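In what follows, a single structure is set out as structure tokens and then discussed.
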Amino acid sequence: MSHGAEPAPECAEAPPGLPRSTLADTVLERLTLLYPTAADPVRARSAAAYMKHVAPFLGIPTPRRRALSRSVLEGTPRPDEQDCVAIALRCWALPEREYRYFAADYLRRHVARCSSGFVPVLRRLVTTEPWWDTVDTLAAHVAGPLVAADPELLRTMDEWIEDDDLWIVRTALLHQLRFKETTDAHRLFAYCLRRADHPDFFIRKAIGWCLREYAKTDPQAVRDFVDGARDRLAPLSVREATKHLR
């Protein structure tokens, strides 16, 4: 059991098979008490439809959800890696999507507390009922910082770009999304070419997105790459990559 806030009531303890953490006990107890108070069934149905029914929703608007999250976390200590693992996996075990948004935001805030040992958990989060709403945050704001902190994880990204799971591939493509001047352009372009013929919309869109983002830092490099690879890149990828270069 890790350090943290006061022990929560017994009912908040980790379900069988999920990590134990006193901090997670407190956070999950508060979270599952507060979030349902803002549930909106009409908005929940609309949100579920928009997200192709990948999961049920509580129907909490983002500003309200973030305000509730601040209340949940008020007075809690900084987590260690075990706390982050426990909070993430226990939120992922709950049915409504907003709990995963909470966990993704929490990891984004505290990713510096995690080591390369968090990667197996990250993979589990990316591949469990995946959709762009959770995967993109995990890619840019969890995978990216982990790789930046430990260059040895570049080998993991090199493996992920070859994966059969499209969401793992998308994570590899997007992990440098916020790197700006520290972007490994050679690796970025190689990843884009490696999966350029992928049939799925979400991969072709991600290729265009990561190129468009890097174009804010080095537009000429992206322009030259796209011009040289136009016959290999999908039209969608080219359109996205050059959206602000025309």
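13 is the number of the first residue of the sequence shown in our numbering; add one for each residue after it. For glycine and all other residues, C-beta sits at the position ideal for the given N, C-alpha and C. Just so it is clear, the structure is predicted and the values come from calculations on it, not from any experiment.
Next on the checklist: Let's test the definition: count the other Cβ atoms within 10 Å of the Cβ of Arg242 and tell me whether it reaches 16, buried, or not, exposed.
Outcome noted: exposed
Next on the checklist: Which residue marks the beginning of the alpha helix (DSSP H) containing Tyr113, and which one marks its end?
Outcome noted: Its alpha helix (DSSP H) spans residues Arg109 to His122.
Checklist entry - So which of Pro73, Ile180 and Ala56 has the shortest CA-CA distance to Phe214? => result Ile180
Next on the checklist: Using the Cβ count rule (16 or more neighbours within 10 Å means buried), how would you classify Arg90?
Outcome noted: exposed
Next on the checklist: Could you compute how far the alpha carbon of Glu18 sits from the alpha carbon of Ala50?
Outcome noted: Here the model assigns Glu18 a pLDDT of 37, short of 50, so the residue's position is not dependable, and the following value carries that caveat. Computed Cα separation, rounded: 26 Å.
Item to check | As assigned by DSSP and simplified to three states, the class of Trp143 | outcome: coil
Checklist entry - The alpha helix (DSSP H) spanning His198 covers which residue range? => result Ala197 to Arg206
Item to check | Delimiting residues of the alpha helix (DSSP H) encompassing Ile215 | outcome: Phe213 to Ala227
Item to check | Length of the line joining the Cα atoms of Glu164 and Trp143 | outcome: Looking at the two C-alpha atoms, the distance is approximately 27 Å.
Item to check | Beta carbon of Glu110 nearer than 7 Å to that of Tyr62 | outcome: no
Next on the checklist: Among Ala253, Phe114, Ala246 and Arg207, whose alpha-carbon lies nearest the alpha-carbon of Cys222?
Outcome noted: Ala253
Next on the checklist: Beta-carbon within less than 6 Å of Ala98's beta-carbon, same chain only, minus the 5 sequence neighbours each way: which residues are those?
Outcome noted: Pro31, Ser33 and Ala36
Checklist entry - Given Ser14, which residues of its chain have a CB within under 7 Å of its CB, disregarding the five upstream and five downstream residues? => result Confidence at Ser14 is low in this model, with a pLDDT of 40, below 50, so the placement of that residue should be treated as unreliable; the coordinate-derived value is given next. Cβ within range, chain order: Ser33, Thr34, Leu35, Asp92, Gln94 and Asp95.
Item to check | Cut-off 7 Å between Cβ atoms - residues of its own chain near Arg251, not counting five sequence neighbours on either side | outcome: Gly220
Item to check | Residue from Arg199, Ala218, Thr149 and Phe201 with nearest C-alpha to Leu178 | outcome: Ala218
Item to check | Cβ distance (whole Å) where Val133 is taken to contact Leu158 below 8 Å | outcome: Between Leu158 and Val133 the Cβ distance is about 11 Å, and since that is not below 8 Å, they are no contact.
Item to check | Own chain partners of Arg206 with C-beta closer than 8 Å, once the 5 adjacent residues on each side are dropped | outcome: Ile173 and Glu174
Checklist entry - Going by the beta-carbon positions, is the gap between Lys192 and Thr229 smaller than 7 Å? => result For Lys192 and Thr229, yes; Cβs fall inside 7 Å.
Checklist entry - Given that a residue counts as buried once 16 or more other Cβ atoms are within 10 Å of its Cβ, and exposed if not, what is Asp209? => result exposed
Next on the checklist: Less than 7 Å between the C-beta atoms of Ala4 and Leu119, yes or no?
Outcome noted: Beyond the ends of the chain as shown, which are 13 and 258, falls residue 4; an answer cannot be given.
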